[in-house]
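Read in order, the letters of the sequence shown correspond to residues -23 to -1, 1 to 682 in mature numbering (1 follows the signal peptide of the UniProt record, and there is no 0).
Yeah, the Cβ is synthetic: ideal placement off N, Cα and C, and Gly gets one too.
Model, not experiment: these values are computed from the prediction.
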Amino acid sequence: MIRKATLLAALSAALLAPMVVAAAPGAAASEASAAAKRQTLSVSITSITPEVPKGQSDEIKISGTVRNDTGAAMAGLRVRLRYTAQKFTDRATMATYLADQNVATLPFNVSTRNSFMDIPPLDVGGTARWEMIATPVQLGLREFGVYPIAVDISQYGGGPITAQRTLLTYAPPTVPKTPRNKLAIALPVIDQPRRATDDAVFVDDKLSQAITGRGRLADLARIAQSAPSTTTWVVDPALFDDLNTMTKGYKVKVKDRQETKPASAAASQWLTTMRTSLASSPVVAVPYADPDVAALAHQGLDPQTGRAIELGGQTARALINRNAKTNINWPAAGVLDDDALDLLSVSKVNTVLLNATNLPPQTPVTATPDAATTLDSVGGPVTALVADAELTSLFEPASSTSVVLSTQRFIAETAMISTEPGQSTPRSLVVAPSRRWDPNPTLVTALMKTAGRLPWLQLATLESIKPSKASVPRAGLTYTEQDRKQELTEKYLKPVRDAWSKSQLTALVTTQKTRSSFDAAVLRLTSSSWRNNTRVGRSVTKLVGSAVKARTELIKITGSGPDRPRTLAGSNGVVPISVKNSLSAPIQLFIDVKSNNPELLTVTFPQEDPLPIGGGQIGTVQVPMIAAPDTSGDATVTVQLKTSDGQPYGEPQRLTIRTTGYTGIALVIVGAALTVMLAAVVTRLLRRRSQRRVARAKTRESETV
């Protein structure tokens, strides 16, 4: 009855599935496909001990589960262990075996002793555990190597319904010693910039989510607490800078307003955990905010890379680890071209970490190539470290995966590398998950612990990996058109370049000539994180641009505008021009004045020394001007503030100059008219005085009579 019910259920599902897909294409079809996948019988391996059997009589215990998701009860199930004594010859064959989903190609040997197990009837959704034991002798294992094993599940003695494949590495002590290859693990702690300017205003509050619970950064902190001291941590100092700001209280932009947040205890705890965990580990600081170096090289923003490396090192040493290095660079996506390499080399970068696609072997190789090689650059030789794609993928699987199966695969891959033909010299291997990965702490920790106890591996720091005799010739940097398209575009970087140029001026006019306070803000705009999020990047660029403009306008010419003319009395004279410094710091600058009407007005102002202006004060210069003869009226001049090296500061201002120039005969006429008028006034005054004396005399005579 149970078997009949199962067959009926399967038949019904087969008949109904096409109807569901036909009735609802698109999203509904996807749901139907997912439902069909769920309606299966599955078998899983959850434990293999020991991970690497070493003796012929070692008991290999393999256990797991069976789950019934067919939609009907099932009985008569049996789990069987399959194997073959034929070991793999290379890594490619192993990959092909694991990717194969065809039950007809499973290992053909089926052990009959302690290697099968009958499963009791399973209700719908029911799960049963199974366990099998075998020894290397029973499995026919004689030599050091990697062997295929699998477990399948069948019903009523029939063929396998489904199976789970994995790898088993056998390492008997009698085998000749294999080379101990160096393995460097580089783990990134990199995020997206969360602030625009250097104030405590964040564009979002996603960091608070990432550092708590099952957040991505919280998981990285968990890994750091148990990672081997040889693990190299590649950090973005801008991330630590943002979190350090959160520990003092901050604000978050929410549409057209700002929400005030208290000091973040979680940020403080996360920073403390990371500082403590990385205290004795090598730390590499990427340039501040992880800029898109390739894009900067191609768009002519060379100075930003050097400044980002400098600021990144300063910030990392202050907030993370005082020994943080900046001589190692990991470009965006692990790829760069010769232009980007040259730009890095002149900034004292002597090692780059790359993806295998960016630096392939010169000729196809059958064995795993050594990770290190040497590249030529304008700054001298640069060591290139190439990450192993397969090993890296185990640390960062594309989908949810079993820790046990990933560990067995890692053991097998590294064991196979140590036995590849023609490789008597130890080689170097590098693991480097993508920079903004979302790690599984349990998986990553298990892989690192396993790597530390394998006899054919030696854990090493990234900086210790150097080119050796095992290095193979590489084809040179392979930078495709698709790689170029991934860069930040010229259109995106144009306002960034403008913001950078203007922000530098705010520092050049100060007396101390210090670094611009906007360096970090503008560098955040060049982050490679904006490659796939340019909309947000542009909005942050506008915020920074507005802040730079506001700072620039704190130094301005007073009393400018066409409705506020200044008068030049006479044919020549001086016109005062004042500059207000609303900054708290003292400044010094030059004032360039040019006449827009040279036929009416000439400006002669050879300013030899800059004008000093104290913080919060106004400075004034007297600008000599000469009006054309016999003219009067309005002329205009353009006033441009300039830095000590002649760069324009702020927007030029137009001033109106009202001239009253009188020369030659005009002066004679005016002078004569003034003389006549003065004489007439004097005559009237004398006449009035005489008349008053006569009147007073007559008055005295009449009083006497």
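Determine whether the beta carbon atoms of residue i and residue j lie at a separation below 8 Å.
| i | j | result |
| --- | --- | --- |
| THR503 | PRO472 | no |
| VAL180 | LYS238 | no |
| LEU194 | ILE188 | yes |
| SER383 | GLN169 | no |
| MET71 | VAL123 | yes |
| residue 705 | LEU485 | Look at the range of the chain in this structure, -23 to 682, and you will see that residue 705 is not part of it. |
| ILE388 | THR146 | yes |
| residue 704 | GLN624 | This structure cannot settle anything about residue 704, because the visible part of the chain is limited to -23 through 682. |
| THR207 | LEU164 | no |
| LEU500 | PRO268 | yes |
| THR455 | PRO410 | no |
| PHE121 | THR396 | yes |
How should residue i be labelled, buried or exposed, when 16 other C-beta atoms within 10 angstroms of its C-beta is the threshold for buried?
| i | result |
| --- | --- |
| TRP534 | For the sequence presented, residue 534 should be read as Ile rather than Trp. Buried, by the Cβ-count rule. |
| SER322 | buried |
| ALA366 | exposed |
| SER493 | buried |
| TYR265 | buried |
| ARG234 | exposed |
| ASP176 | exposed |
| ALA428 | buried |
| LYS479 | buried |
| THR104 | exposed |
| GLY522 | buried |
| ARG541 | exposed |
| PRO553 | exposed |
| THR47 | buried |
| residue 685 | Only positions -23 to 682 of the chain appear in this structure, which leaves residue 685 out of reach. |
| ARG430 | exposed |
| ASN335 | buried |
| ILE595 | exposed |
| LEU362 | buried |
| GLN63 | exposed |
| LYS154 | exposed |
| PRO450 | exposed |
Which same chain residues end up closer than 7 Å to residue i when comparing Cβ atoms and leaving out the 5 residues on each side of it in sequence?
| i | result |
| --- | --- |
| VAL56 | VAL20, VAL43, PHE93, MET94, ILE96, TRP107, VAL128 and ILE130 |
| ASP460 | VAL312 |
| ASN574 | ALA612 and THR613 |
| SER448 | ASP347, ALA349 and THR350 |
| PRO444 | ALA349, THR350, THR351 and THR360 |
| THR303 | ALA262, ILE286, GLY289 and GLY290 |
| LEU83 | ARG59, ALA127, ASP129, PRO137 and ALA140 |
| LYS446 | THR402 |
| GLU236 | LYS228 and VAL229 |
| LEU255 | ALA201, TRP210, ILE297 and ASN298 |
How many whole angstroms separate the CB atoms of residue i and residue j, which I take to be in contact at a CB cut-off of 8 Å?
| i | j | result |
| --- | --- | --- |
| SER609 | THR581 | Not confirmed; about 20 Å, so no contact. |
| ASP213 | ILE167 | 4 Å |
| MET393 | PHE65 | 7 Å |
| LEU577 | THR174 | Their Cβ separation, rounded to whole angstroms, is 45 Å, which puts LEU577 and THR174 out of contact at 8 Å. |
| ARG635 | ARG543 | 7 Å |
| THR23 | SER34 | Between SER34 and THR23 the Cβ distance is about 24 Å, and since that is not below 8 Å, they are no contact. |
| THR250 | ALA198 | 5 Å |
| ALA50 | ASP100 | 5 Å |
| LEU434 | ARG157 | 7 Å |
Please go through the same chain and pick out, in chain order, the residues whose beta-carbon is closer than 6 Å to the beta-carbon of residue i, but skip the five residues on each side of it.
| i | result |
| --- | --- |
| LEU470 | GLN276 |
| PHE567 | GLN584, PRO587 and LYS619 |
| ALA293 | PRO214, ALA262 and ALA301 |
| ILE305 | VAL261 and THR328 |
| residue 732 | Beyond the ends of the chain as shown, which are -23 and 682, falls residue 732; an answer cannot be given. |
| SER561 | GLY592 |
Excluding the 5 residues preceding and the 5 following residue i in the sequence, name in chain order all residues of the same chain whose CB lies nearer than 8 Å to its CB.
| i | result |
| --- | --- |
| VAL359 | LEU318, LEU321, SER322, VAL326, ASN327, THR328, VAL329, THR351, LEU352 and ASP353 |
| GLU530 | GLY627 |
| VAL355 | ASP319, SER322 and VAL323 |
| GLN385 | ILE25, GLU28, THR143, LEU144, LEU145 and THR146 |
| LYS526 | LYS479 |
| ASP316 | ALA271, ALA274 and HIS275 |
| GLY192 | GLN186 |
| THR597 | PRO553, ILE554, SER555 and VAL556 |
Could you tell me which uninterrupted alpha helix (DSSP H) segments, each at least 4 residues in length, are contained entirely in the segment 268 to 324, listed from first to last along the chain? Counting only runs of 4 or more, we get 270 to 275, 279 to 296 and 315 to 322.
In chain order, each beta strand (DSSP E) run of at least 3 residues that lies wholly inside the segment 400 to 436: Counting only runs of 3+ residues, the beta strand (DSSP E) found wholly inside the segment 400 to 436 occupies 405 to 408, in chain order.
Where are the beta strand (DSSP E) runs, 3 residues long or more, that stay fully inside the segment 31 to 98, in chain order? For the segment 31 to 98, whole beta strand (DSSP E) runs of length 3 or above, ordered along the chain, are 37 to 45, 54 to 60 and 93 to 96.
Every unbroken alpha helix (DSSP H) within the segment 498 to 533, with a cutoff of 4 residues, ordered by chain: Along the length of the segment 498 to 533, whole alpha helix (DSSP H) runs at least 4 residues long occupy 511 to 529, reported in chain order.
May I have a chain-ordered list of the beta strand (DSSP E) segments no shorter than 3 residues that lie completely inside the segment 446 to 485? Fully enclosed beta strand (DSSP E) runs of 3 or longer: not present.
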